[in-house]
Structure formats: structure tokens, C-alpha cells
Amino acid sequence: MATIIPRENREGQVIGYQAKVRRVGHKPVSKTFEKKKDAERWASRSRRATATPDNLRVVWL
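Counting from 1, one number per residue, gives the positions in the sequence shown under the UniProt record's numbering.
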């Protein structure tokens, strides 16, 4: 599951976004971005990367 959290400065202005991805059996990962769209894109890619194990080879028939 991915969570996008707005990062605010002391005045309450949004200065960036932090994306966090947590999956069962994997370490939680997070990264900070200036744009929300970039955070969403990274979170989506990170979820897909952990969806299948590295040692699993997919064969299309």
C-alpha cells in the first residue's frame, strides 16, 4: 500500500510530498518529492516492483 503525505514548512505551506510504500514481507521504503505527481508515479512503480519476487520468472505462453 502506498501513502502520499504532504510535507509542510513552519508556516503551513506545502513544500513537497513524501511517498511511503509498505508491503508484507518487504522493508518499508519512502522518498520525498517536490511534486505530488512524481510521488504518485514513484509509489506506483515501487508497488509493482515488489509485487513479484525477483527470482520469479514470468513466462507467457
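Don't be surprised by glycine CBs; every beta carbon is placed ideally from N, CA and C.
I'd like to know whether the C-beta atoms of E40 and I4 end up nearer to each other than 8 Å. For the purposes of this step, residue 40 is taken as the residue at position 40 of the sequence shown. For the purposes of this step, residue 4 is taken as the residue at position 4 of the sequence shown. Against a cut-off of 8 Å, the Cβ pair of I4 and E40 comes out as a contact.
Can you check whether the CB of A2 is closer than 8 Å to the CB of V21? In the sequence shown, the residue the question calls residue 21 occupies position 21. In the sequence shown, the residue the question calls residue 2 occupies position 2. In this structure, A2 lies closer than 8 Å to V21 by Cβ.
Cα-Cα separation, Q13 to W42: The residue you call residue 13 lines up with position 13 of the sequence shown. The residue you call residue 42 lines up with position 42 of the sequence shown. About 23 Å.
For K20, report the span of its beta strand (DSSP E) as first-last. Here residue 20 refers to the residue found at position 20 when the sequence shown is read from its first residue. Run containing K20: V14 to V21, per the beta strand (DSSP E) assignment.
Would you mind stating whether V29 and S46 have Cβ atoms separated by less than 8 Å? By one-based count along the sequence shown, residue 29 stands at place 29. By one-based count along the sequence shown, residue 46 stands at place 46. Yes, these two residues count as a Cβ contact at 8 Å.
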